[in-house]
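Please read the structure below before turning to the comments.
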Amino acid sequence: MQLVDLFAGGGGLTIGVAEAALRMGRGTEVALAVENDDRAADIYGLNFHRANLVRSSVEALFDGELAAPFTASERGIALAVGEVDVLVAGPPCQGHSNLNNHTRREDPRNALYLRAVRAVEVLRPALVVIENVPTVRHDKGGVVERATQVLEAAGFSVASDVFRLVEFGVPQRRRRHILLAAMDDRIDPSVMGRSSSTCDDHAARSVRWAIEDLVDQTTESGPDAASKPAPVNLERMQWLIDQNEYDLPNPMRPKCHHGSHSYTSMYGRLRWDAPAQTITTGFGCMGQGRFVHPAQPRTLTPHEAARLQTLPDFFDLDTRKGRGAWATVIGNAVPPLFIVHLLAPLLGALPSRTVQETRLVDLTSYEPSVPLALIGDSVS
Numbered sequence: 452m453q454l455v456d457l458f459a460g461g462g463g464l465t466i467g468v469a470e471a472a473l474r475m476g477r478g479t480e481v482a483l484a485v486e487n488d489d490r491a492a493d494i495y496g497l498n499f500h501r502a503n504l505v506r507s508s509v510e511a512l513f514d515g516e517l518a519a520p521f522t523a524s525e526r527g528i529a530l531a532v533g534e535v536d537v538l539v540a541g542p543p544c545q546g547h548s549n550l551n552n553h554t555r556r557e558d559p560r561n562a563l564y565l566r567a568v569r570a571v572e573v574l575r576p577a578l579v580v581i582e583n584v585p586t587v588r589h590d591k592g593g594v595v596e597r598a599t600q601v602l603e604a605a606g607f608s609v610a611s612d613v614f615r616l617v618e619f620g621v622p623q624r625r626r627r628h629i630l631l632a633a634m635d636d637r638i639d640p641s642v643m644g645r646s647s648s649t650c651d652d653h654a655a656r657s658v659r660w661a662i663e664d665l666v667d668q669t670t671e672s673g674p675d676a677a678s679k680p681a682p683v684n685l686e687r688m689q690w691l692i693d694q695n696e697y698d699l700p701n702p703m704r705p706k707c708h709h710g711s712h713s714y715t716s717m718y719g720r721l722r723w724d725a726p727a728q729t730i731t732t733g734f735g736c737m738g739q740g741r742f743v744h745p746a747q748p749r750t751l752t753p754h755e756a757a758r759l760q761t762l763p764d765f766f767d768l769d770t771r772k773g774r775g776a777w778a779t780v781i782g783n784a785v786p787p788l789f790i791v792h793l794l795a796p797l798l799g800a801l802p803s804r805t806v807q808e809t810r811l812v813d814l815t816s817y818e819p820s821v822p823l824a825l826i827g828d829s830v831s
């Protein structure tokens, strides 16, 4: 199966699509992955070393106007990549996020959503997945409506919806908007996410399910090390543990979070037996969300955050990188398990191709305390 991953980050979408394909008895070849953040691209290349990874912005490669003739760059890419089965994209979502005020809805990064649509026009894959935050639907420029209009005019069937990832076995309260388009008339985008009984079997997985076995594995450095908080934050975290509380009282909060503060989860502690809140790039800072460990006076380690994102343990975060790179790659990742359940029922309709097998795991049966079993060789 030929895969294109745009705004690829560290590869969460690639893992999810390739694992979904593996369940259909299919191998995966990454015909093109595009990422312009060198830290994320380094980690992607380390994990998918045979992928055709291009360190560039998507808009530099797919530089034509929507519905316009292809540019020289686009013609060259289409010729080099060839036939594409699946194209996935996770455009930057900061301008759409609920964590930003309404003026950020005019953020120029929002236009990157339509760059993914332009890539679809150029490459004409059989199946398209564009992932973003739920508030992308309210973008001032109407990017979802425009994307739907352009794709339908190009001959695609299009559907979009917002999904609660906890219903797909992901142990966090993350919600994501998915636009799915299909050129192949054997694929019905409107059934996405509705035909996998596995989702119901694994609903409401908890923080305990994901990270309890890591509680005594913290180290002084590397992905199993917690951040070193300021003394005042260490005092706050210790109070939450000692008092068995999950939220700080107003007197212990910074003044900007007193009273009817907007984000009640800030400076909060996770519960063992409930899903985590959305894991973001701020998981190492208690002032960025509910990221205090359930049993210890510290925030989540990168390894724990990766587990909550359902990134498998074989995923190499590259110990040469620092916390900033890990936070970016983990916090911005699309949880692979969500993509597995979303797409596995749809991929069986795609035409079969002969490509090398992938090194992947069965994410559904994955139990965190058991080492992940690797299948075959590395993702191409």
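Heads up, the sequence shown is in my numbering, so the first residue is 452 and it goes up one at a time. All residues carry an ideal CB built from backbone N, CA and C; glycine is no exception.
Quick check on residue i: buried or exposed, where buried means 16 or more other Cβ atoms within 10 Å of its Cβ?
| i | result |
| --- | --- |
| residue 739 | buried |
| residue 767 | exposed |
| residue 792 | buried |
| residue 587 | buried |
| residue 706 | exposed |
| residue 465 | buried |
| residue 623 | buried |
| residue 496 | buried |
| residue 493 | buried |
| residue 670 | exposed |
| residue 596 | exposed |
| residue 787 | buried |
| residue 735 | buried |
| residue 684 | buried |
| residue 696 | exposed |
In its own chain, which residues sit with a C-beta less than 6 Å from the C-beta of residue i, not counting the 5 before and 5 after it?
| i | result |
| --- | --- |
| residue 572 | 605 |
| residue 472 | 452, 479 and 798 |
| residue 580 | 539 and 631 |
| residue 637 | 800 |
| residue 467 | 787, 790 and 791 |
Going by alpha carbons, who is nearest to residue i out of the options?
| i | options | result |
| --- | --- | --- |
| residue 656 | 495, 725 and 496 | 725 |
| residue 509 | 801, 627 and 456 | 456 |
| residue 680 | 602, 593 and 751 | 751 |
| residue 633 | 800, 453 and 458 | 800 |
| residue 661 | 786, 769 and 759 | 759 |
| residue 785 | 523, 454, 459 and 473 | 459 |
| residue 693 | 802, 749 and 668 | 749 |
| residue 756 | 678, 492 and 682 | 678 |
| residue 568 | 780, 584 and 600 | 600 |
| residue 517 | 666, 598 and 701 | 598 |
| residue 835 | 685, 719 and 683 | Because residue 835 is not part of the residues shown, which for the chain are 452 to 831, the question remains open. |
| residue 772 | 702, 672 and 682 | 672 |
| residue 675 | 622, 753, 591 and 729 | 753 |
| residue 776 | 732, 789, 737 and 736 | 732 |
| residue 585 | 607, 603, 533 and 616 | 616 |
| residue 728 | 736, 742 and 735 | 742 |
| residue 620 | 794, 789 and 802 | 789 |
| residue 541 | 636, 628, 641 and 523 | 628 |
| residue 832 | 519, 520, 528 and 499 | In this structure the chain extends from 452 to 831, so residue 832 is not present and cannot be described. |
| residue 730 | 682, 690, 687 and 625 | 625 |
| residue 782 | 544, 520 and 618 | 544 |
| residue 737 | 682, 769 and 787 | 682 |
| residue 614 | 521, 583, 467 and 589 | 583 |
| residue 794 | 530, 533, 641 and 589 | 641 |
| residue 533 | 636, 665, 666 and 454 | 454 |
| residue 639 | 665, 666, 607 and 667 | 607 |
To which residues of the same chain is residue i closer than 8 Å at the C-beta, ignoring the five residues directly before and after it?
| i | result |
| --- | --- |
| residue 723 | 657, 658, 659, 663, 745 and 746 |
| residue 715 | 698 |
| residue 490 | 772, 775, 776, 779 and 780 |
| residue 603 | 609 |
| residue 417 | A query on residue 417 cannot be resolved here, the shown segment of the chain reaching from 452 to 831 and no further. |
| residue 522 | 514 and 515 |
| residue 612 | 628, 629, 643 and 644 |
If you drop the 5 nearest sequence neighbours on each side, which residues of the same chain put their C-beta closer than 7 Å to that of residue i?
| i | result |
| --- | --- |
| residue 487 | 506, 507 and 508 |
| residue 646 | Because the pLDDT at residue 646 is just 47, under 50, the model does not fix this residue reliably, and the point stays unresolved. |
| residue 594 | 561, 564, 565 and 587 |
| residue 513 | 525, 566, 569, 570 and 573 |
| residue 703 | 687 and 690 |
| residue 531 | none |
| residue 761 | 621, 786, 787, 788 and 814 |
Does the beta-carbon of residue i, which I'm using as the reference point, lie nearer than 7 Å to any heavy atom of the ligand FMN?
| i | result |
| --- | --- |
| residue 460 | Among the ligands in the structure shown, none appear at all, so the ligand FMN cannot be discussed. |
Can you list, in chain order, the stretches of the alpha helix (DSSP H) that have 4 or more residues and sit fully within the stretch 663–726?
Runs found: 682–693.
Taking contact to mean 3 or more Cβ pairs, one atom from each stretch, closer than 8 Å, check whether the stretch 501–516 and the stretch 482–493 are in contact.
Here the stretch 501–516 lies against the stretch 482–493, with 3 or more beta-carbon pairs under 8 Å apart.
At least three beta-carbon pairs within less than 8 Å, the stretch 527–537 to the stretch 572–581:
Contact between the stretch 527–537 and the stretch 572–581 is present, because at least three Cβ pairs lie under 8 Å.
Alpha helix (DSSP H) segments (min. 4 residues) lying fully within the stretch 478–536:
List check, alpha helix (DSSP H) in window: 489–498, 509–512 and 523–532.
Unbroken stretches of the alpha helix (DSSP H), 4 residues or longer, contained in the stretch 715–799
If we require 4 residues or more, the alpha helix (DSSP H) runs fully inside the stretch 715–799 come out as 753–759, 774–782 and 787–798.
Hey, which unbroken runs of the beta strand (DSSP E) at 3 residues or more fall wholly within the stretch 604–634?
Qualifying beta strand (DSSP E) stretches, in chain order: 608–615 and 626–633.
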